[in-house]
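Report on one structure; see the data block that follows.
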């Protein structure tokens, strides 16, 4: 058996179509929307702002808090019960860790930067879309950043290494599958999110990580263009 | 009282016959946009924008068991979450009283107007019914979530198509052409009282200084189907009369957008 053709005729190294825009939520300090195929993530940033309750405050530096939430109608199956699951809590955690390395919160003691990621519609790759939207929203909020964070899932389906698995590939039944979401700081090539489930050889994984550098750089260009579109006029 | 200065500023504007953004008392923000069918994973959906306020409502259809006292009727469930993404004052956590009130006001407008014939949601008497689950998600709260949510819920219901159901399982991947039929179009208009003036479509600042509010849901012929009074101050009967009049009139205007 071999996986020959992707369901939407994409190349093996090709992502689904991507759209990105910043400044989409007027009340937030920074915001963005990032769409990849049928997966669609909003992110809103509030802060740095005062952190309550007080015992959570860090007098040395500000803290980052992320929350990932699927809207109740965002899954292609049954309604998602509101209120968060173990899955969404874990994704919130790894998202926080994926974004933290690009921020410098030393100047904001006792404060919090809140990042709220909301998914109105999902079809695979939602944590990565959320991370892409969140890093754009952080930039839109005017926070000092060392780099953006760009993320996409990689994978192995049967004998092929793929970029940006869709739902049918994640659940491919005729051969081994691995799903590997990766986030990178594109300019340094450092990895800030790495998860994997399935089976893959070490060699294949290393190949994918090399591939991720290029793909994340392409996504970074989309994110940067979206930011430019908003701030272009301001600069002139 | 909190917001004392804001309140006296807003009242002095109202006395000069204007508002913070220069609108007339019974003028909604512009434009009001309704976009249907925006969410592929929902059976029905709509995005409504009133000025900067933006809301997405999605409808999911599930098969469930009827209540024992209404064995041949389906049902609706309305949920609202005040997402902290949409307003710096909203916090994470289970729905608070504000969210619950919002969901219940939207629920009553739809339920009591008989916009949906619950009998048509029955699949097998006493056994299987459709549950129409309406979820309200604000994207940006710039005021007046009540009216925007009601409008978005109705628009999402108009857009709703049944998924395929083989008697055992729902196949959410396959939508049929069969639409959820709406018998009525209940529209909610919230009339706000600040000082001795009545306004509609409050922005965030105006909402902070409300004395009383009355949400008036009405159908095409002007019949009232649901109401909710809010705010800390009482209303005279003459005031209620005036507010209902505004509510029905503005309701007719909003209905034209759908």
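Residue numbers (this note's numbering), protein chains in the order written: chain A, 1 to 236; chain B, 1001 to 1258.
We put the beta carbon where it would ideally sit given N, CA and C, even for glycine.
None of the values given here were measured: they were computed from a predicted structure.
Identification of chain A residues near residue 1042/B by a Cβ-Cβ cut-off of 7 Å yields 73, ordered along the chain. Looking at 1015/B, 1253/B and 1080/B, the one whose alpha-carbon comes closest to that of residue 1146/B is 1080/B. Using a C-beta cut-off of 8 Å, the region 111 to 118 of chain A makes contact with the region 37 to 50 of chain A, since at least three inter-stretch Cβ pairs fall below that distance. Taking a 10 Å sphere around the C-beta of residue 1028/B, we find 16 or more other C-beta atoms and assign the residue as buried. Not a single C-beta of chain B is nearer than 8 Å to the C-beta of residue 19/A. If you draw a straight line from the Cα of residue 1169/B to the Cα of residue 1177/B, it comes to about 18 Å.
The region 1156 to 1191 of chain B is shown to contain whole beta strand (DSSP E) runs of 3 or more residues at 1161 to 1165 and 1170 to 1179, in chain order.
For the options 1014/B, 1223/B, 1010/B and 1026/B, the alpha carbon positioned closest to that of residue 1190/B is the one of 1026/B.
Residue 185/A carries a strand assignment under DSSP once its states are collapsed to helix, strand and coil. When CB distances to chain A are screened at a threshold of 7 Å, the residues of the region 1076 to 1096 of chain B falling below it are 1079, 1081, 1083, 1084, 1085, 1086, 1087, 1088, 1092 and 1094, in chain order. Taking one beta carbon from each stretch, the region 1060 to 1074 of chain B and the region 1202 to 1212 of chain B have fewer than 3 pairs nearer than 8 Å; the two do not touch. The beta carbon of residue 35/A is closer than 6 Å to those of 19 in its chain, skipping five residues each way along the sequence. The contact set of residue 1141/B on chain A, defined by CB atoms closer than 8 Å, consists of 27 in chain order. Of all residues in the region 1155 to 1189 of chain B, only 1172 and 1173 place a beta-carbon less than 7 Å from a beta-carbon of chain A. With a contact defined as Cβ atoms closer than 8 Å, residue 1115/B and residue 1185/B qualify at about 7 Å. Bridge partners of residue 67/A according to DSSP: 116/A. Residue burial annotation: residue 229/A is exposed, with fewer than 16 other C-beta atoms found within 10 angstroms of its C-beta. Closer than 8 Å to the CB of residue 1100/B there is not a single CB belonging to chain A.
The beta-carbon of residue 1059/B is placed less than 8 Å from the nearest beta-carbon of chain A. Residue 1056/B is a Cβ neighbour of residue 1045/B, given a cutoff of 8 Å.
Comparing C-alpha distances from residue 95/A to each of 119/A, 175/A, 134/A and 75/A shows the shortest one belongs to 134/A. As summarised for the region 1077 to 1132 of chain B, the continuous beta strand (DSSP E) elements at least 3 residues long and confined to that stretch are 1122 to 1124, given in chain order. Residues of chain B whose Cβ lies closer than 9 Å to the Cβ of residue 82/A are, in chain order, 1079, 1081, 1094, 1095 and 1135.
Of all residues in the region 1201 to 1212 of chain B, none comes within less than 7 Å of chain A when Cβ atoms are compared. No Cβ of chain A is located within less than 8 Å of the beta carbon of residue 1050/B.
At a cut-off of 8 Å, the C-beta of residue 1005/B has no neighbouring C-beta in chain A.
In the displayed model, residue 146/A falls within coil according to three-state DSSP, outside both helix and strand. One finds 73, 120 and 121 in chain A with Cβ atoms closer than 7 Å to the Cβ of residue 1039/B, taken in chain order. Secondary structure note for residue 1047/B: its beta strand (DSSP E) is the uninterrupted segment 1044 to 1050.
In this structure, the CA atom of residue 171/A is about 37 Å from the CA atom of residue 1087/B.
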